[in-house]
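In terms of numbering that gives the first Met the number 0, the sequence shown opens at residue 0 and continues consecutively. Using N, Cα and C, we set each Cβ at its ideal position, and we do this for glycine too. What follows is a short report on a single structure.
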Amino acid sequence: MSEAWFATSNDHKYAEARFVLRRTDVVLRRLNTKGDEVQSDDPGRIASLAASQSHRLSRKPVFTEDTALFVPSLGGFPGTYASHAYSTLGMDRFLKLVPRDERRAVFVSAVAYCDSEHPPRVFIGRLEGNISRKESGSNGFGFDPVFAPSGSAKTLAQLTMAQKCEISHRAVALRKLAAWLRSRNS
Ligand code: ITT
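Set out below in structure tokens:
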């Protein structure tokens, strides 16, 4: 078993991590101190610097996660600035920005793990999909009501936690972390 502390301010992200890691060898704990977040276009770099800082502050085996939402028809916006876009624009204005006929988008999750033996190690998960024309569903958080995974008529907010965690960017990255921790212990 490996103990790993998830440094995050986001309760939804923590709940998803708990769900994804529930049947793995990872004993999940939460750390509320995360330090400052650097600005970068690269979620891997943001997560990695946050993980080193959290490890320096806590001395625990920690991981952090940064999610970016890239919309190619908007030149990649909002990317790693998803949280800022969400709080300043709001969903209605964001939906109007996306061109009617080119609504492809991808979520990229970067999970960075760091402990006293390792510099940060990054695990990436991706989820391709489309930005819907209107909000649907009430599960999840953030952009879930407007993000429909490729091939799905439903948005992430219309899926259950189990269904989201089968396919999500974050779940893919977290399962890679769990597999790496397991292989390291064997
Ligand atoms: P941390 O403390 O872990 O950094 P955060 O809320 O700042 O929490 P991120 O920077 O990773 O998290 O995410 C930025 C925003 O992107 C987040 O506030 C949501 O609006 C959105 N987001 C992230 N993951 C998402 C998901 O799985 N579904 C929908 N929106 C998501």
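Taking non-hydrogen atoms of the ligand ITT into account, the C-beta of residue 167 is found less than 7 angstroms away from one of them.
About 6 angstroms separates the CB atoms of residue 125 and residue 168; that is less than 8 angstroms, so the two are in contact. Short of 7 angstroms from the beta carbon of residue 13, and not among the five residues preceding or following it, lie these beta carbons of its own chain, in chain order: 5, 7, 29. Taken through DSSP and simplified to helix, strand or coil, residue 70 comes out as coil.
Sequence-distant Cβ neighbours of residue 18 in its own chain, meaning closer than 7 angstroms and more than five residues away, are 160, 164. Straight through space, the alpha carbons of residue 45 and residue 38 are spaced by roughly 7 angstroms. Taking 8 angstroms as the cut-off, the beta carbon of residue 42 is found no closer than this to the beta carbon of residue 3.
Distance from the C-beta of residue 48 to the nearest heavy atom of the ligand ITT is not below 7 angstroms. Judged by their CB atoms, residue 85 and residue 142 are nearer to each other than the 8 angstroms cut-off. Checking the DSSP bridge columns, you'll see residue 126 partnered with 106. DSSP places residue 29 inside the beta strand (DSSP E), whose first and last residues are 25-30.
Assigned with DSSP and collapsed to three states, residue 1 falls in strand. Contact between the segment 94-102 and the segment 120-140 is established, with three or more Cβ pairs separated by less than 8 angstroms.
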